[in-house]
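S.K.: One structure follows; several queries about it will come next.
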Amino acid sequence: MAFSPLHDDWTVEAVTGPVPDAVAGRRVPATVPGQVHTDLLAAGLITDPFDGDAESAQQWIGDTSWRFSTMFTWHDDGSARHDLVAEGLDTVAVVELNGRVVARTENQHRSYRVDVREALVEGENALTLTFAAPVAEAEARVELHGALPHVNHHPFNTLRKQASSFGWDWGVDVAGAGIWRPIGLDSWSGVRIASVRPLVGVDGTAGTLDARVALEWDGVATGEHRVAVEVTSLEGDRVADASVVVAAGTADAALELVVPDARLWWPLGHGDQPLYGVRVTATPGGDGEGGGAPDATTASWASRVGFRTVRVDTTPDDDGTPFVVLVNERVVQVRGANWIPDHAFVTEVDRDRYRRRVADATEANMNLLRVWGGGIYESDDFYDACDEAGVLVWQDFLFACAAYAEEDWLAVEVEAEAREAITRLSPHPSLVIWNGNNENIWGFVDWGWKAELQGRTWGEGYYRDLLPRLVAELDGTRAYSPGSPFSFGDPVASYDEVHPNDHRHGTMHIWDVWNRRDYTAYREYPARFVSEFGFQGPPAWSTLVGSVHDEPLDPYGHQMLVHQKAEEGNLKLERGMQGHLPAPATIEDWHWATQLNQAAAIRFGVEHFRSLAPLNTGTIVWQLNDDWPVTSWAAVDFDEHRKPLWFALRDCYAPRLATIQPRGDSLAVVLLNDVDDAWAGDVVLRRTTFAGDVLDEVVVPGAVGSRGSVELAVPSALVDALDPVGELLVAVLPGFGSGRAVWDAAEVVDQRLDPDPVATEVAPDGDAWIVTVTARSYARDVTLLVDVLDPRATVDRGLVTLLAGESAEFRVTGRDGAVTLDPQALVGRGVLRHANGLLLAVAP
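Take a look at the structure:
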């Protein structure tokens, strides 16, 4: 039994379409796994698809059909079966082996396996895959089946292809083709382990494993086979095993194991993440001694599991319908972010890049990533990283912002991909929620779809019937939600009684903020669980100018707008700053101000929602990452720079958070304590001037229990006396989180801030630089934009607010080693930034 990858010596050529002369008739070396855009780029036939306005000049690629070809040598080794296995083809393809059609495919999100023995020849074999032009194919299906509502300009909902590859309101339009996951020849005899679903549970102190093994037979094998399962600890010790004897032709085997005193897998911040090895074998002979013919082979499969339970509680209560995630029956306050494909060409994301993105999440105190439904069923590399880091994963089924046909031409593929994804991802303890779709139920109710659909199917049968049935059948250990947003308890036939985006019920998305309203409107939503909300900001300066080359650089320049996909995006950035920050005078100030306002908006929202605990049980910010250089909602840009938003999230997602929030006609200090240890101590409330003079002080006792929250009323005398433009309220809490909370009674634009409030010192520290910033007066959101000096430079903190007399150290290093920096430039105005400095443009 042997699998032989077929990844070498591929070429790609254009078949039909509006092909430039430089490409027509040429066979270009192709990388497999890979995609046609990256092959053309490597051959020097196109410019960087992400640079300038290359996107529009390269639209012909999506209107072109492409043929990938290779030759390989094969000799019959005596195996009974020789299967061509394609783990991922993007998307509609005809597969030919030695001129014989062996498969037709039309789904990027599933694998294909076909017995090709009859098409193979001794010696040299020719394999070709001809991919239909994705844009033309999508449009052809509209003509054939009728148009269904969708966002954006291409009818992506007619194909089972990554929706965002056709462009999104943060994504570049690079719909293409390619062999995007491994392909090879699998030669085998006897029995093959087609799949394993190692379903875990917890029974008292024991871990339970229900191993569901699917078997495929070559049609020749006879006699008995032994199917065995072994569980090992991280140290390699066997902790449980079981086996069963099956007759040849048996399709399924089920084995139950018990692991005594199992160490439980916990999400980040709740415990450790022990992973156990699971190995399944199928051996000819039923005596357990490997009987059978001397040349008999053993089929095997291996993965890892973590013992834990998960459920989502949506039992109605006096306030509506909660959405409470419980792991091992412990409530998890979700602090998360939405995840999109980390590169527009997903084959460019390797294991290390996945791990860096997951580190971006954990180092920002996140405990959940939601894999959004316009992307892909994420790779095992992504899930492995989350398993090891304790990051919970909510995986959408791949339906986003569109109506989807439920007729057989699409439904057959939907069921096939869902079955495969549920099965493939079942070993991963990080996966806790399957979600039916992104915004499609909301779209049906609110976006005018009913009139356009005229009674046609739109996907509800998938979300309310097919998908929950498949999850229950294949992996009932995970939770299922019909959609996001979704108000649990919605009647099946009508959404008139409970709107799917009702803040009182289940999950909600908040997009009137950003699109139309000031970010202070977040406070109007006492939401139970917010699974999408966000606010835009540009990428790091080096990322921006590395791909946008307008002269002069301007928010409304041609290339700038190519790299801003949201409708009226830069106008919304401008409007979103009004009333908060002074109008920026230069492009550099615009860049800093819009980044700062993005961070302020999300910090405002997160602190509000978290302060509602336990009414609110989670927030999932849109979004963690980018898939190309773009102005977007991301906290980490495409070039892997952590934007100011990331630092804001690290602070407001801290397990222990103190925040001052309006309550009635006054204020309260809200303590969120998402750790096991209780806290008690004095809370010192001070009214101070920006110069640091303490005008009034009150001490109140504070205490908050394990995994709890509490509100401490601020005496009204402190609040009523506060001068909004020249004073602030500070709560000092020694030993709790950051140790303090600050209340600004006015926005930056209205405060009498010193526009130059800090003194600085710079000192070397090995390969790093230490920048010490000391506040002469109140300094808001001090940040070092070090990538302005060198794109490889990084800094360990940002958005640090300093009271008069306080100091903070910033450690500047290189991403890949030492960088050479001018120490004085590190504290120049283009690098050392704070909110105060924006007032320089309007100072009298």
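For the sequence shown, the positions run 272 to 1115 when this note's numbering is used.
Heads up, the beta-carbon is just placed ideally off N, CA and C, and yes, glycines get one too.
#1: Pull up the distance between the alpha-carbon of Trp729 and that of Trp680, whole angstroms please.
#2: Between the Cα of Pro809 and the Cα atoms of Thr778, Lys843, Ser571, Asp1061, which residue gives the shortest distance?
#3: Which residue from Arg799, His780, Val373 puts its Cα closest to that of Val596?
#4: My output table needs one value for Asn638: the three-state DSSP class, helix, strand or coil.
#5: Along the beta strand (DSSP E) that carries Val940, what are the first and last residues, could you check?
#6: Does the distance from the CB of Val498 to the CB of Leu470 come in under 8 Å?
#7: Kindly indicate which three-state DSSP category Ile647 falls into: helix, strand or coil?
#8: Which of helix, strand or coil does DSSP assign to Gly472?
#9: In the DSSP assignment, find the alpha helix (DSSP H) that holds Glu744 and state where it starts and stops.
#10: One question on the structure: do Leu942 and Gly973 come within less than 8 Å of each other, judged by their Cβ atoms?
#11: Would a C-beta distance cut-off of 8 Å place Val530 and Gly478 closer than the cut-off?
#12: Measure the beta-carbon distance from Val365 to Arg375 and round it to whole angstroms, keeping in mind my assumption that it falls under 8 Å.
#13: Along the chain, where does the alpha helix (DSSP H) containing Arg1120 start, and where does it finish?
#14: If I measure Cβ to Cβ from Arg509 and keep anything under 8 Å in the same chain, skipping five residues before and after, which residues do I get?
#15: Okay, do the region 867-876 and the region 906-915 touch, 3+ Cβ pairs below 8 Å being the bar?
#16: Is DSSP giving Trp782 helix, strand or coil here?
#17: What residue from Arg352, Gly472, Ala929, Pro545 has the CA that sits closest to Gly461's CA?
#18: By the three-class DSSP mapping on this structure, what secondary structure does Trp331 have?
#19: Identify, in the order they occur along the chain, each residue of the same chain with its Cβ nearer than 7 Å to the Cβ of Ala811, setting aside the five sequence neighbours on each side.
#20: Taking the Cβ atom as the reference point for each residue, do Ala1194 and Gly305 lie within a distance shorter than 8 Å?
#21: For Gly850, which three-state DSSP category applies?
#22: Leaving out five residues on either side along the sequence, give the residues of the same chain with a beta carbon under 8 Å from the beta carbon of Arg1023.
#23: Less than 8 Å between the CB atoms is what I'm expecting for Phe339 and Val283, so what's the real figure, rounded?
#24: Beta-carbon within less than 6 Å of His614's beta-carbon, same chain only, minus the 5 sequence neighbours each way: which residues are those?
#25: Between Leu1103, Ser882, Asp1036, which lies nearest to Cys923 when the distance is taken from Cα to Cα?
#26: What is the DSSP secondary structure of Phe880, counted as helix, strand or coil?
#27: Nearest by alpha-carbon distance to Val467: which of Leu1109, Asp474, Ala573 is it?
#28: Thinking Ala660 and Leu539 are a contact (beta carbons under 8 Å), I'd like their distance in whole angstroms, please.
#29: Indicate whether Glu688 and Arg452 have their beta-carbon atoms separated by less than 8 Å.
#30: Since Val742 and Ile712 should fall inside the 8 Å C-beta cutoff, what is the C-beta to C-beta distance between them, to a whole number of angstroms?
#31: Taking the continuous beta strand (DSSP E) assigned at Arg375, which residues delimit it?
#32: If you run the structure through DSSP and keep just helix, strand and coil, what is Phe800?
#33: Measure the alpha-carbon distance for Pro1094 versus Ala1034 and round it to whole angstroms.
#34: Using a 10 Å radius around the Cβ and a threshold of 16 neighbouring Cβ atoms, would you call Ala1154 buried or exposed?
#35: If you pair each beta-carbon of the region 946-956 with each one of the region 1082-1099, do three or more pairs fall below 8 Å?
#36: Using the C-alpha atoms, what's the distance from Ala397 back to Trp345?
M.R.: Here's the rundown:
#1: 14 Å
#2: Lys843
#3: Arg799
#4: coil
#5: 937-944
#6: no
#7: coil
#8: strand
#9: 738-745
#10: yes
#11: yes
#12: 6 Å
#13: Residue coverage of the chain in this structure runs from 272 to 1115, which leaves residue 1120 outside it and unanswerable.
#14: Glu501, Val502, Thr503
#15: yes
#16: coil
#17: Arg352
#18: helix
#19: Asp908, Asp910, His912, Lys914, Asp1058
#20: Lying outside 272 to 1115, the shown extent of the chain, residue 1194 is not represented and no answer is given.
#21: coil
#22: Phe961, Val996, Gly997
#23: 5 Å
#24: Val620, Asp898
#25: Ser882
#26: helix
#27: Ala573
#28: 6 Å
#29: no
#30: Between Ile712 and Val742 the Cβ distance is about 17 Å, and since that is not below 8 Å, they are no contact.
#31: 371-377
#32: coil
#33: 8 Å
#34: Here the chain covers residues 272 to 1115 and nothing more, so residue 1154 does not appear.
#35: no
#36: 10 Å
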